[in-house]
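The numbering of the sequence shown is the numbering used here, which starts it at -15 and goes up by one. By construction, the Cβ of each residue, glycine as well, lies at the ideal position given by its N, Cα and C atoms. Written out below as structure tokens is the structure these notes cover.
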Amino acid sequence: MIRHFLSGLHTSRSSTLACDDASSTSICSCGGTHGLSLSRRGLLGTSLAAALTGAVGPAFAATPPGVPEKTTLKIGFVPISCAAPLIMAHARGFFQDEGLTVELQKTAGWALIRDNLLNGNFDASHLLSPMPLALSLGAGHAPTPVRAVTMQNTNGQAITLALKHQNRRDPRSWKGMTFAIPFEFSMHNFLLRAYLAHYGLNPDKDVTLRVTAPPEMVANLKAGNIDGFLGPDPFNQRAVTEQAGFLQILTSQIWDGHPCCALGMTETFIRAHPNTYGAVQRAMIRAAAYMQQTENRQEAAVILARAEYLNQPEIVIRQGLTGHYADGLGAVRNEPSRSGFSPFPYYSPAIWMIEQMKRWGYLKTPVDERRVAEEVFMLGDVRKQAAALALPDLTPPYVSDYPPIQVLGTPFDPAATFAENGKR
């Protein structure tokens, strides 16, 4: 049973990161350099230079850039590391380069984000990647066409457990435990459900899931109100720093390259302001490219730590971004794929998300998954914009609009889903 649960945030305790012995010259969360090499293996669509193929679906921004119809915008965000491209587009002037003046509105949680986007208080917003699909389909809210203008990040989440459970690592022993998730229509919810089901648990009967704003997760873990959470960085690492929890598993180890957050607009706004839409999209593509460059992660952590953005300790943010981190169990780990950044809203993940909504009872009626995915995820436009920008030094993206997915070692084939639905 999912229910809202919020509690006050406790005062943090400082902690330092013990480092592995290593050599070479790269970023370490202690401030030194220890041979960390952030490979791009397994990250979704990190290239912007070679995105020339496979444009499918509606295209609002296929024409050359025009003058934005609306130049002063309010864009909402939840203060988590997934918002790094949006924040960097603001902080580094990518929006300004497109002739836009953007006011970022820090927002406590996803229901408020949704409401402010739909009522027009926000012109665009940081969204969890399933939210545009759920809103367009009328899952959990009156149906409203919302579009994923770009994807923002891949991976970057974890299952964090309270320290008292460090000898209870087997998920099959988790019956009766309580977990926090940030929103029902989130990759966090769907990935946690998939993980629990993989180990034989029914997430609707064997555990309790509570919707909790990300900044409140660590406080609730420390207070004993929850046993763990599947949440975004930097709060997984904040739990370690405050000696409240440990990292059970990174979501990159559940599904390497999974999308997490998007930048969204209503279809109504896009149709009324197509040049503004294109300008925002270009700025976000540039920002994702900036964030995917590993040499930029340390600078990004400094910027994200500011009070107007995440307002979290730089060292905590940096550990999540670089994948060089303390796990809360006494080890320092290097996991280069812990966080990635990609603007490409591929269709395969959209199909998987819709299937999860069906699997767990959020959708009660038949859905044309292919049509919905290709209408809601603006992949064709992102490919064209990225090709026009021709940003250098990035790995090519998937050529296919439906790249392969593997969740917990099991391949997910969208074509099989289409075939099965066609028999019904």
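{"Item": "A228 classed as buried or exposed, judged by whether at least 16 other C-beta atoms fall within 10 angstroms", "Value": "buried"}
{"Item": "Reference W336; option with closest CA among F328, A285, R354, S323", "Value": "R354"}
{"Item": "Within the region 65 to 148, ranges of the alpha helix (DSSP H) (whole runs, at least 4 residues)", "Value": "68 to 75, 78 to 81, 94 to 102, 114 to 121"}
{"Item": "Inter-residue Cα distance where the pair is F61 and V191", "Value": "30 Å"}
{"Item": "Among E226, S170, Q276, P187, nearest to R177 - alpha-carbon criterion", "Value": "P187"}
{"Item": "S(-9) (DSSP reduced to helix, strand or coil)", "Value": "Unreliable positioning characterises S(-9) in this predicted model, as indicated by a pLDDT of 32, which lies under 50. A coordinate reading is not provided."}
{"Item": "Per DSSP, the bridge partner or partners of A231", "Value": "Rather than Ala, the amino acid found at residue 231 in this sequence is Leu. T144, per the DSSP bridge assignment."}
{"Item": "Reduced DSSP secondary structure (H/G/I, E/B, other) of F169", "Value": "coil"}
{"Item": "Element boundaries [beta strand (DSSP E), containing I426]", "Value": "This structure cannot speak to residue 426, because the chain is shown only from -15 to 408."}
{"Item": "Length-filtered (3 minimum) beta strand (DSSP E) runs lying within the region 349 to 408", "Value": "389 to 391, 394 to 396"}
{"Item": "Rounded separation between I210 and V133 - CA only", "Value": "34 Å"}
{"Item": "Spatial distance of Q390 from D240 (CA atoms)", "Value": "8 Å"}
{"Item": "Beta strand (DSSP E) segment containing R156, residue limits", "Value": "R156 -> no beta strand (DSSP E), and no H or E assigned at all."}
{"Item": "Whole runs of the beta strand (DSSP E) within the region 227 to 276, excluding any shorter than 3 residues", "Value": "229 to 234, 245 to 250"}
{"Item": "Beta-carbon proximity check, G300 vs P218, cutoff 8 Å", "Value": "Looking at the sequence shown, residue 300 is not Gly but Val. Yes, they are a contact pair."}
{"Item": "Classification of Y331 by the beta-carbon crowding that lies within 10 angstroms, buried from 16 upward", "Value": "buried"}
{"Item": "Buried or exposed (CB count within 10 angstroms, at least 16 for buried), K148", "Value": "exposed"}
{"Item": "Chain-order list of residues whose beta-carbon lies under 6 Å from that of P398 (same chain, five-residue window excluded)", "Value": "S332, I335, Y386"}
{"Item": "Pairwise C-alpha distance: P116 and G208", "Value": "33 Å"}
{"Item": "Stretch-stretch touch, CB-based, cutoff 8 Å, three pairs: the region 139 to 156 with the region 366 to 373", "Value": "no"}
{"Item": "Where R290 falls: helix, strand or coil (DSSP)", "Value": "coil"}
{"Item": "Alpha-carbon spacing of Q340 relative to A400, whole angstroms", "Value": "15 Å"}
{"Item": "Given R270 as reference, the closest of A370, A146, R153, R194 once Cα atoms are compared", "Value": "A370"}
{"Item": "DSSP-derived helix/strand/coil call for N295", "Value": "coil"}
{"Item": "From Y382, R317, I238, D311, residue whose alpha carbon lies closest to that of L231", "Value": "D311"}
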